[in-house]
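Chains as they are written, first to last, in my numbering: chain F, 1 to 379; chain G, 1001 to 1398.
We put the beta carbon where it would ideally sit given N, CA and C, even for glycine.
Below is the structure:
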C-alpha cells in the first residue's frame, strides 16, 4: 500500500503488537518505510495466563514477551497499555449481555470498534500519533476498505463496522500480501514469531468452552426446549445463553424427531426462557432486517443496491439486494442461507465481492416462502 | 539522555568497574583450602571488612547475597521460621504498609502458606511509620515473630526513624529488620547505631554491579536459612561466593559513603532544581512524601528523590512522552507484564487511584547533572499538556 512505497512524509505511527506474526510484519514494514514508529502491546486480560495454551489467545505473558522482543528487533520503543478494564466492560461484559439477550455477538469486531480503533486510537491521537498500524489482512487506501489479496485470511469483515473517521487513522500494511508471504517475510527478517500459530476463537475463552464461560457469568434460567412443528416440550435447558441459532450438537434431547432427522436450534427467546428446535429447512432464510447501517463512502449507496453480504468472519458471501427501511436495511438474498442469528454483523460488499460498502447489525430474519420460520426471531 | 531513574539502578561507578575487572580472572573458589582458594577468599574477606567499616558493622555481620530481594526474603522468612521454631505462638508479623514488594510479598506468602498473621503498620500522610503505632502494636509482644520496616521508601523517598523503631522492638524483645536498599548512599546507614537486628542492602543502587548485595545480621540473632548447601555465610546463605562482585560492591559502597554529606548536598540541589522547574511549568503538580527537603544526616526525605503527581495525567503516558524526549524516569511500580498498577504506597498515604496513577518518580545519583534536570524541566510542560488531553478522552468516553 501507499505507506510502504512512499516514505515521503514520515508519520508518527502507533504499531499495535499482539506478539503474533501479522502485527510484527506490519510494524516492520512501516519502520522500513521510514516512519516514526512506537510499539504498544495491549494488556486486555485482567489476569493474564503465563503461557499460551495451544494456538489460542493473544493476551498471555508469553505474547507480551514476544511483542517486546519484536520491538527490540525492530529497534522501536515498546510500551504495554493496560486496557483490561475497558476490555472487560466493552467486550467481555457485552459478549455475555448479548448472549443473555438471545443474540450472537462477535467479540473481535467489538474489540476493533471499542478498543483498538477507539480507546487505543483516541489515546494515541491525543499523545501525538497520526495513526494506528495493525496486522489485519485487509487493504485500505484513501478510505476505501477492500478484502485482502489472500481470500482465506481476509479480515475485512471484522473491520467493516468501523466508521470512516476511525479508518482515516488506520494503516493496514498487509493487505497486498498473502499469509504465506507474511510468514516468509517474518522468517527473512529473523522475527522469532515467524512460525507462531495463528490465533483462533475468542481470546478470553482460551479453552473454547463458550457455554461454560457464559454459565459461570450468567444466572441459570431454566426453561423448555420446544419442537417448532408439534409445540411439544422435548427437553429442558439451564439457560438460553448456552444456545446459538443453527446449533445441532449438545441439545441433550432424548426423544428423536418423528422423521428421524436431526434437529437444530431455530430460535431463542430469553424472555420466555424458550429454545425452539426443528428441522434444518426451518433454519433457511432469505430476508434479513438490520439495525442502522454505517457506510464507508461519504454517501449511502443508491437503493436498492445489488451487493454481496457476509454474515460471519470467514463465512461465505451471498448475492443480495439491499434497500432502506425504517430503522435500517431490508436485505433480500438471492438464495436461502442458514445459521443466521440476531446480533451478527451483516457486512455489505460490492458485487465484485471486494470493496466494503458498509455494515449493519442483524435484527431479524425470515423466509420469503409462505411458511414463516422463527429463525433468528427477535429475542 | 537524561537518566533520572537511579532508584531503579545506577550506572557503575569507575571504582566498582575497576574492582570488578581486577578480579574477574580469579580462579579459586573462596571455600577451597589451596593457594588459589585462599587468594579468592582474601578478596571476599577484604570486601566484607570494607563494607563493615562503611556501614558500621562487624565483618561477621555481613552476609553476601544476590541482592535486595534475596536479603529481604532471608530476613523476613528466616526470622519468622526461627522465631516460630523457638516458640510456636510467635506468628504475628508487624510490617509497614509501604514496604517494597520483596518484603511485602514475602510477608504475604508467610500469611498465606505458613500460618502467619500480619498486622500492617499504618503510615502518616508522608509515608512514615510513627513510633506510637509500633509501640501500640507491641503492647503484648509475646506472639510477635518480627517487625520489618524499611529505612527509606523506594517510591516517595520518605526516611523512617529507624533507630527509634528498632529501640521499641528491642525493648519488646522482638527482632527488627529494615530494608535499607534505598537509604544507602543517600543518608548515613549505621548498622550498629540503628539497633536493627537485620538490614538489607544491594550493590546496584549505589554504583555497584547487579547480582550482589548483603544482609547485615547481628551476631546471635537466630535465623533459619532458605537455601541449604555448602554452609557459606554463617550457614545462612549457602552458595559459592562471587569474589569479583563482592570486591566491586565494596568499592561502590565505599565511594557512595565517602563524603556522603557532600554527595547528598549535590543530589539535593539537583532535586530541588527539578521540583522548582516542574512547579513553574506545571503549577498544580503535587509533591508526594515529605516536603522537608533538607539534605543531611537527619534528612526526612532522600536527597535524590522527587515523586510528583500530575493531576489529570496518566503516569505511563507521561513516561512515554518523556522517554521520546530522552528523559528517563519511572512511574514507581511495574509488574512483570509491564502494566502499571496504582501504587500501594500512595494508596497507603490516602491518595486516590487516579492520583496514584498520575505519578512520576525522578531519582538522582552519582552521575546526575544540571543538564539532566534541565532536559526534564523542558520536556515536562508539553508532555503534561498532551497527557492531559489523552486522559480527558478516557474520562469523557461516551
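Asked, Found
"For the beta strand (DSSP E) containing residue 1355 (chain G), name the first residue and the last one.", "It is not in any beta strand (DSSP E) - residue 1355 (chain G) instead sits in the alpha helix (DSSP H) that spans 1353 to 1357."
"When DSSP builds the beta bridges, which residues end up paired with residue 347 (chain F)?", "F:310 and F:359"
"Using a Cβ-Cβ cut-off of less than 9 Å, give me the residues of the stretch 105 to 131 of chain F that come near chain G, in sequence order.", "118, 119, 122, 123, 124, 125, 126, 127 and 128"
"So, is the C-beta of residue 1336 (chain G) closer than 9 Å to a C-beta in chain F?", "Caution applies to residue 1336 (chain G), whose pLDDT of 41 falls short of 50 and renders its modelled position unreliable; the value that the coordinates give is listed next. Answer yes: the Cβ-Cβ gap between residue 1336 (chain G) and chain F drops below 9 Å somewhere."
"Under 9 Å between beta-carbons, which chain G residues line up against residue 77 (chain F)? List them in chain order, please.", "1320, 1323 and 1324"
"Helix, strand or coil for residue 1350 (chain G) per DSSP?", "coil"
"Counting only C-beta atoms, is residue 1390 (chain G) closer than 9 Å to chain F at any point?", "yes"
"Could you check which residue in F:272, F:208, F:197 and F:277 has the C-alpha nearest to that of residue 235 (chain F)?", "F:277"
"With distances taken between CB atoms, is the gap from residue 171 (chain F) to residue 140 (chain F) smaller than 9 Å?", "yes"
"Which residues of chain F have a Cβ atom closer than 7 Å to the Cβ of residue 1317 (chain G), listed in chain order?", "127"
"Going by Cα to Cα distance, which pick from G:1331, G:1348 and G:1390 is closest to residue 1362 (chain G)?", "G:1331"
"Identify the contact partners of residue 1386 (chain G) in chain F, using a Cβ-Cβ distance below 9 Å as the criterion.", "126, 127 and 128"
"Within the same chain, show all residues whose beta-carbon is closer than 7 Å to that of residue 1130 (chain G), passing over the 5 residues directly before and after it, in chain order.", "1124"
"CB residue 333 (chain F) to CB residue 279 (chain F), shorter than 9 Å?", "no"
"Using DSSP's beta-bridge definition, name the partner residues of residue 1307 (chain G).", "G:1361"
"Between the beta-carbon of residue 1307 (chain G) and the beta-carbon of residue 1359 (chain G), is there less than 9 Å?", "yes"
"Mind checking if residue 38 (chain F) is an interface residue toward chain G, Cβ cutoff 9 Å exclusive?", "yes"
"Could you tell me the boundaries of the alpha helix (DSSP H) in which residue 1014 (chain G) lies?", "1014 to 1023"
"Got a sec, what are the start and stop residues for the beta strand (DSSP E) residue 41 (chain F) sits in?", "36 to 43"
"Should residue 72 (chain F) be flagged as near chain G, meaning a C-beta pair shorter than 9 Å?", "no"
"In its own chain, which residues sit with a C-beta less than 6 Å from the C-beta of residue 1128 (chain G), not counting the 5 before and 5 after it?", "1158 and 1160"
"Does the stretch 1260 to 1278 of chain G come into contact with the stretch 1228 to 1241 of chain G, if we say contact requires no fewer than three beta-carbon pairs (one atom in each stretch) closer than 8 Å?", "no"
"Under a three-way DSSP split, which group does residue 99 (chain F) fall into?", "helix"
"Does DSSP put residue 402 (chain F) in a helix, a strand or coil?", "Outside the shown range of chain F (1 to 379) lies residue 402 (chain F), about which nothing can therefore be said."
"With respect to the alpha helix (DSSP H) encompassing residue 1092 (chain G), which residues constitute its N-terminal and C-terminal limits?", "From DSSP, residue 1092 (chain G) is part of no alpha helix (DSSP H) but of the beta strand (DSSP E) over 1092 to 1096."
"Between the C-alpha atoms of residue 1114 (chain G) and residue 1082 (chain G), what's the straight-line distance to the nearest angstrom?", "13 Å"
"Please report how far the alpha carbon of residue 1259 (chain G) lies from the alpha carbon of residue 1323 (chain G), in whole angstroms.", "32 Å"
"Can you grab the Cα-Cα spacing for the pair residue 138 (chain F) / residue 146 (chain F), in whole Å?", "6 Å"
"Taking Cβ positions only, does residue 295 (chain F) come closer than 9 Å to chain G?", "no"
"Pull up the distance between the alpha-carbon of residue 1141 (chain G) and that of residue 1173 (chain G), whole angstroms please.", "8 Å"
"May I ask which residues mark the beginning and end of the beta strand (DSSP E) holding residue 325 (chain F)?", "317 to 325"
"Distance cutoff 9 Å, beta carbons only. Does residue 81 (chain F) sit that close to anything in chain G?", "yes"
"To test your reading of the DSSP string, which unbroken beta strand (DSSP E) runs of 3 or more residues are found completely within the stretch 1190 to 1258 of chain G?", "1198 to 1202 and 1213 to 1217"
"Report the rounded CA-to-CA distance for residue 177 (chain F) versus residue 150 (chain F), giving the unit in angstroms.", "7 Å"
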